[in-house]
Amino acid sequence: MPVSDDDFKNVLAGLEQAKAYLDGTADLSGYRVHMPKHVNVKTIRRRLGLTQPAFAARFGFSAGAVRDWEQGRKQPEASARVLLTVIEREPEAVSRALGRE
1 MPVSDDDFKN
11 VLAGLEQAKA
21 YLDGTADLSG
31 YRVHMPKHVN
41 VKTIRRRLGL
51 TQPAFAARFG
61 FSAGAVRDWE
71 QGRKQPEASA
81 RVLLTVIERE
91 PEAVSRALGR
101 E
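The numbering used here puts the first residue of the sequence shown at 1, with every later residue one more than the last.
#1: Between the beta-carbon of Pro91 and the beta-carbon of Leu48, is there less than 8 Å?
#2: Are the beta-carbon atoms belonging to Ala111 and Val33 less than 8 Å from one another?
#3: Thinking C-alpha only, which one of Ser29, Phe59, Gln71 is nearest Thr85?
#4: Taking Cβ positions, are Arg73 and Val39 nearer each other than 8 Å?
#5: What residue range is occupied by the uninterrupted alpha helix (DSSP H) comprising Thr51?
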C-alpha cells in the first residue's frame, strides 16, 4: 500500500518532534504523551501474517520476548509498547525506517 506524501510528512514531523523531545530542545509545555498500558502483541502479529520469529526479526525484538508477551509471562517495557503501537498503526513506516523494505 503506497504511502501518500502527506502521510510521510506527518510521520517525519512526528519523528522530528520525538528527536527534539529526546534531545531536550523541545518546548515541553505543550506535550502530553499517551503511553498505552497494554498492547496485544499477538493480534498485531497475526494481523501482519507473521510468525513469532518473523515478527521478532522484522521489528528488532527477540523471539523469546515476543513469546513471553503473547503468553502473558511478561509485559513489554514502555518503549516497546510505544514501538508496538506504531507497528500496529503504521507497520510499513517502521519497516522503511528500519531499512526492511
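Glycine residues also receive a C-beta, built at the ideal position from the N, C-alpha and C atoms.
Looking at the atomic coordinates:
#1: Here the question's residue 91 lines up with position 91 in the sequence shown. Here the question's residue 48 lines up with position 48 in the sequence shown. In contact: Pro91 and Leu48 (Cβ atoms closer than 8 Å).
#2: Because the chain here runs from 1 to 101, residue 111 falls outside it and cannot be looked at.
#3: Counting from one through the sequence shown, the residue named residue 85 turns up at place 85. Of the candidates Ser29, Phe59, Gln71, the one whose C-alpha sits nearest the C-alpha of Thr85 is Phe59.
#4: Residue numbering aside, residue 73 sits at position 73 when the sequence shown is read from its first letter. Residue numbering aside, residue 39 sits at position 39 when the sequence shown is read from its first letter. Contact: no.
#5: Translated into positions along the sequence shown, residue 51 becomes position 51. Note, Thr51: premise wrong, no alpha helix (DSSP H); not H, not E.
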